[in-house]
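Going by numbering that gives the first Met the number 0, 153 is the number at position 154 of the sequence shown; the sequence numbering is gapless. The beta carbon of each residue, even a glycine, is placed where N, CA and C say it ideally should be.
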Amino acid sequence: MEQGSAREGARPAYAPGVFPHAPAERRIPEVRVPEQARTEQARGEHTHSEPPAPRAVQRHSVRGQILDALRAALVDGELVPGQVYSAPALGARFGVSATPVREAMQRLAVEGAVEVVPNRGFRVSERGPRELAELAEVRALIEVPVMLSLARTVPAHRWSVLRPLAEATVTAAAVGDRAAYAESDRAFHRAVLALSGNEQLVSVADELHRRSQWPLVSNPATRRADLLADASEHTALLDALIAQDLNVVQSLVREHFTGADG
């Protein structure tokens with residue numbers, strides 16, 4: 000279910016600070032700073048440019064793009080557990096300065112995805128099966144009772160609206176796009192839990208979900224067949240929720256967390 004589930008085939012090690020090349024179909028695009036927008040005054044008056052946006056705003060925008068790219072690289076196994084990466088080296092790859100990379104990495108350090116290595120950079124955290132099992136257990140404790148409660152109260156037409164989100168996970172799984180699958184997977188679960196009206200619950204569950212998607216040190220890759228199996232559980236879960244079949248809902252959610260990526 001979680002992408003960190005044990006898979007065969009170890010990834011090769013890379014020299015510190017060197018970002019391994021992604022497969023051709025998943026190569027991370029270069030991130031560029033957007034151009035400063037300009038506006039004009041009305042009524043034919045002399046045109047002036049708007050004051051430039053504060054540098055912190057632009058840096059935040061770039062950091063957000065870098066953060067998304069780094070999270071995708073974590074899910075794909077392009078950032079290898081145990082390997083140290085320097086901000087300048089990653090910045091050169093993305094075509095930006097080291098500053099937004101360092102800021103994004105510091106955010107990942109807060110999330111537990113990487114560890115700060117003084118004077119060297121950031122080491123990708125090494126996770127074992129026990130941590131993955133603990134995350135699955137906590138997620139089940141949160142989501143199973145919530146989904147059972149929602150199954151009793153939410154009308155069928157509101158579940159049907161979520162069908163495109165479930166189908167998006169199938170689409171990503173079909174092409175073996177692990178990063179796209181991870182994002183669509185979380186989007187589906189967020190939408191389901193959002194029906195509870197509890198924003199704090201949604202936020203906590205989403206953070207646990209994200210952490211469960213990081214690869215194990217032993218096997219970072221997830222097979223396409225595993226992704227497809229996980230994605231099919233989303234559509235099956237929607238069918239059970241619409242039918243208000245509580246036994247099937249409970250069984251599917253528990254299996255989803257303990258199987259692979261869900």
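Exposed or buried, which one is residue i when buried takes at least 16 other CB atoms within 10 Å?
| i | result |
| --- | --- |
| residue 127 | exposed |
| residue 202 | exposed |
| residue 157 | exposed |
| residue 140 | exposed |
| residue 119 | exposed |
| residue 185 | buried |
| residue 171 | buried |
| residue 38 | In this prediction, residue 38 scores a pLDDT of 40, lower than 50, which makes its location untrustworthy; the coordinate-derived value is nonetheless stated afterwards. Exposed, by the Cβ-count rule. |
Does DSSP put residue i in a helix, in a strand, or in coil?
| i | result |
| --- | --- |
| residue 252 | helix |
| residue 116 | strand |
| residue 122 | strand |
| residue 247 | helix |
| residue 95 | coil |
| residue 83 | strand |
| residue 78 | coil |
| residue 63 | helix |
| residue 264 | No answer is possible for residue 264: the residues shown for the chain start at 0 and end at 261. |
| residue 192 | helix |
| residue 105 | helix |
| residue 213 | coil |
| residue 176 | coil |
| residue 144 | helix |
| residue 161 | coil |
| residue 151 | helix |
| residue 222 | coil |
Suppose the cutoff is 7 angstroms on Cβ atoms and the five residues either side in sequence are ignored; what does the same chain contact list for residue i look like?
| i | result |
| --- | --- |
| residue 247 | 239 |
| residue 66 | 103 and 106 |
| residue 207 | 134, 137 and 138 |
| residue 235 | 251 |
With distances taken from CA atoms, which of the options is nearest residue i?
| i | options | result |
| --- | --- | --- |
| residue 301 | 244, 100 and 132 | Nothing in the structure corresponds to residue 301, since the chain is present only between 0 and 261. |
| residue 124 | 151, 81 and 162 | 81 |
| residue 101 | 160, 69 and 74 | 69 |
| residue 121 | 200, 86 and 236 | 86 |
| residue 230 | 163, 193, 90 and 115 | 163 |
| residue 64 | 95, 200 and 195 | 95 |
| residue 193 | 75, 172 and 145 | 145 |
| residue 254 | 114, 132 and 73 | 132 |
| residue 195 | 171, 151 and 74 | 151 |
| residue 159 | 225, 93 and 191 | 191 |
Whole-angstrom Cβ separation of residue i and residue j, contact assumed at under 8 angstroms?
| i | j | result |
| --- | --- | --- |
| residue 176 | residue 189 | Contact doesn't hold; Cβ gap of about 19 angstroms is too wide. |
| residue 143 | residue 249 | 6 angstroms |
| residue 178 | residue 112 | Actually they do not touch by this definition, with Cβ atoms about 14 angstroms apart. |
| residue 134 | residue 211 | 4 angstroms |
| residue 99 | residue 61 | 4 angstroms |
| residue 115 | residue 108 | 5 angstroms |
| residue 173 | residue 227 | 7 angstroms |
| residue 251 | residue 161 | 15 angstroms between Cβ atoms; not a contact. |
If I measure Cβ to Cβ from residue i and keep anything under 6 angstroms in the same chain, skipping five residues before and after, which residues do I get?
| i | result |
| --- | --- |
| residue 233 | 165, 168 and 187 |
| residue 197 | none |
| residue 262 | A question about residue 262 goes unanswered here, because the residues of the chain that appear run from 0 up to 261. |
| residue 78 | 72 and 123 |
| residue 223 | 175 |
| residue 155 | 241 |
| residue 97 | 86, 87 and 90 |
Who are the near neighbours of residue i in its chain, counting only those whose CB is closer than 8 angstroms to its CB and skipping five residues on each side?
| i | result |
| --- | --- |
| residue 110 | 206, 209 and 210 |
| residue 200 | 141, 145 and 192 |
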